[in-house]
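Notes for the one structure printed next.
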Amino acid sequence: MARARLFLLFSGRAEPADFARSVCDRLGLGPGPGPWWVYCGLEPGRLLLSELPFPGATTQLPLQRPPFCPFAALEQQPPGTSGLKLPRDREVDVGVSVVLQSSDQSVLLTRRASSLHTSPNLWVPPGGHVELDEELFDGGLRELREETGLQLPQGQHSRFFLGLWESAYPSRLSQGLPRYHHIVLYVLVASQETEQQLQKRIRPNQDEVSAYAWLKPDLVAAVAASEEAPETGDPVSESLPPFIQAVELQGDTARTVDLPTSILLQKTLATEQNEERVSTGTKFALSLWLQHLKRASEHPTHTAPKPESE
192 MARARLFLLF SGRAEPADFA RSVCDRLGLG PGPGPWWVYC GLEPGRLLLS
242 ELPFPGATTQ LPLQRPPFCP FAALEQQPPG TSGLKLPRDR EVDVGVSVVL
292 QSSDQSVLLT RRASSLHTSP NLWVPPGGHV ELDEELFDGG LRELREETGL
342 QLPQGQHSRF FLGLWESAYP SRLSQGLPRY HHIVLYVLVA SQETEQQLQK
392 RIRPNQDEVS AYAWLKPDLV AAVAASEEAP ETGDPVSESL PPFIQAVELQ
442 GDTARTVDLP TSILLQKTLA TEQNEERVST GTKFALSLWL QHLKRASEHP
492 THTAPKPESE
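Residue numbering for the sequence shown follows the numbering used here, starting at 192 and increasing by one per position.
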């Protein structure tokens, strides 16, 4: 099926995003990883981004990329010196990832199957590509259902758009030229069911998911901060349990295992390609989720997620 497309707005004109260029650079947002606040048009089958407000913009969200973004690294090289050429006939894909929050404030992460062609073994929220003519939020719920078997009852969950992440695979230029380029929309889906109630209904698709785990806010805070954490002597990580419970899938069997907390705290630049870790974009999304929780506790009437019917 055809996939949703990303468009950038310049002087009132929408242009398809260039696969070979960083979206952040193309929008003129400045050097570094961000985040920057951008205006978004969330339409069926397409995502429209602009640095400036425009008619039809429905929200404003933080956009960030990793500090080692390969597209940004290529643009910093003098013209003609790298000898590397990226395809010009491809597009930037749009994806949606669902940060599923239980009513007792746990979030679900899944480990991508080792057989997947892109980003195997990474811990991420459920998600994937949005199809053409599909509402972005509906695409996220579809991916959640396809990957975990969770069909959320109508009227028993709400949603909130968290932010945008510019993603490439491979994620670093040292691992080869990027073959995939995405803008990922992270969506918080807050369920009225508890972790235990949701857990009973999870039926993962083993072609895509090899394990899953629920994380509480204290662990989420350590994971989200792990990229900037000191190499040794971090008091936050030292106070965490050495293991958390996860469910691992082997054939037709699902078994509870002790997952070393250290795996979730792995730093991107300290790991090999396709080594088990939490993705950098996921850490960004988890930090946004924590910020949302804080705002919700301080101003509960102003930060409540929108009903899924809107």
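Ideal Cβ placement from N, Cα and C applies to all residues, glycine included.
All figures in this text were calculated on a predicted structure; none of them were measured in a lab.
Next on the checklist: Going by C-alpha to C-alpha distance, which of LEU233, GLN267, SER202 and PHE201 sits closest to PRO222?
Outcome noted: Walking along the sequence shown from the start, residue 222 turns up at place 31. When only C-alpha atoms are compared, the closest one is GLN267.
Next on the checklist: Need the endpoints of the alpha helix (DSSP H) that VAL214 sits in, please.
Outcome noted: Position 23 of the sequence shown holds residue 214. Element bounds for VAL214: 214-217.
Next on the checklist: For ARG370, report the span of its alpha helix (DSSP H) as first-last.
Outcome noted: One-based indexing of the sequence shown puts residue 370 at position 179. Here ARG370 belongs to no alpha helix (DSSP H), and DSSP marks it neither H nor E.
Next on the checklist: Which of the three DSSP states is assigned to PHE210 in this structure?
Outcome noted: Here residue 210 is taken as the residue at index 19 of the sequence shown, counted from 1. Coil.
Checklist entry - In this structure, does DSSP put SER288 in helix, strand or coil? => result Here residue 288 refers to the residue found at position 97 when the sequence shown is read from its first residue. Reduced to three states, the DSSP call for SER288 is strand.
Checklist entry - PHE262 and SER213: beta carbons closer than 8 Å? => result Looking up residue 262 in the sequence shown gives position 71. Looking up residue 213 in the sequence shown gives position 22. Contact flag set, yes.
Checklist entry - From PHE201 to TRP356, what does the alpha carbon distance come to, in whole angstroms? => result To locate residue 201, count along the sequence shown from 1; it is residue 10. To locate residue 356, count along the sequence shown from 1; it is residue 165. Going by the C-alpha atoms only, they are around 20 Å apart.
Checklist entry - With DSSP run on the structure shown, which of helix, strand or coil describes THR447? => result As a first step, residue 447 is located in the sequence shown; it is residue number 256 there, counting from the start. Of the three classes helix, strand and coil, the one that applies to THR447 here is strand, per DSSP.
Next on the checklist: Tell me the rounded alpha-carbon separation between THR494 and THR250.
Outcome noted: For the purposes of this step, residue 494 is identified with residue 303 of the sequence shown, where counting begins at 1. For the purposes of this step, residue 250 is identified with residue 59 of the sequence shown, where counting begins at 1. Because THR494 sits at a pLDDT of 49, beneath the cut-off of 50, its placement in the model cannot be relied upon, and the following sentence gives the value as read from the coordinates. Each residue's Cα considered, the two are about 14 Å apart.
Checklist entry - Measuring CB to CB, does GLY521 end up less than 8 Å from PRO395? => result Outside the shown range of the chain (192 to 501) lies residue 521, about which nothing can therefore be said.
Checklist entry - Would you report the Cα separation of ARG303 and LEU455, rounded to the nearest angstrom? => result Position 112 of the sequence shown, counted from the start, is the residue given in the question as residue 303. Position 264 of the sequence shown, counted from the start, is the residue given in the question as residue 455. Roughly 14 Å separates the two Cα atoms.
Checklist entry - Considering ILE435, what are the terminal residues of the beta strand (DSSP E) in which it resides? => result Along the sequence shown, one-based indexing puts residue 435 at 244. Where ILE435 is concerned, the enclosing beta strand (DSSP E) stretches over 434-441.
Checklist entry - Hey, out of PRO369, GLY203, ALA461 and ILE393, whose CA is closest to GLU337's CA? => result Taking the sequence shown and counting its residues from 1, one reaches residue 337 at position 146. For the residues PRO369, GLY203, ALA461 and ILE393, the minimum Cα distance to GLU337 belongs to ILE393.
Checklist entry - Which residues in the same chain as PRO496 place their Cβ atom closer than 7 Å to its Cβ, once the five residues preceding and following it in sequence are excluded? => result On the sequence shown, position 305 is the one that residue 496 refers to. Bear in mind that a pLDDT of 46 at PRO496, under 50, signals an unreliable position, so the model cannot answer this.
Next on the checklist: Ignoring anything shorter than 4 residues, give me the alpha helix (DSSP H) runs that lie fully in the region 312-356, in order along the chain.
Outcome noted: 327-339
Item to check | Nearest-angstrom Cβ-Cβ length linking ALA476 and LEU353, presumed shorter than 8 Å | outcome: To locate residue 476, count along the sequence shown from 1; it is residue 285. To locate residue 353, count along the sequence shown from 1; it is residue 162. About 6 Å; that satisfies the 8 Å criterion.
Next on the checklist: Using 8 Å as the threshold, is the C-beta distance between TYR377 and SER288 below it?
Outcome noted: Taking the sequence shown and counting its residues from 1, the one referred to as residue 377 is at position 186. Taking the sequence shown and counting its residues from 1, the one referred to as residue 288 is at position 97. The answer is yes: Cβ separation under 8 Å.
Checklist entry - Helix, strand or coil for THR471 per DSSP? => result The residue given as residue 471 occupies position 280 in the sequence shown. The answer is helix: DSSP assigns THR471 an H, G or I state.
Checklist entry - Name the DSSP beta bridge partners of GLN251, please? => result To locate residue 251, count along the sequence shown from 1; it is residue 60. Per DSSP, TYR230.
Next on the checklist: What does DSSP give as the partner residue(s) for VAL380 in the beta ladder?
Outcome noted: If you number the sequence shown from 1, residue 380 lands on position 189. Partner(s): LEU291 and ARG350.
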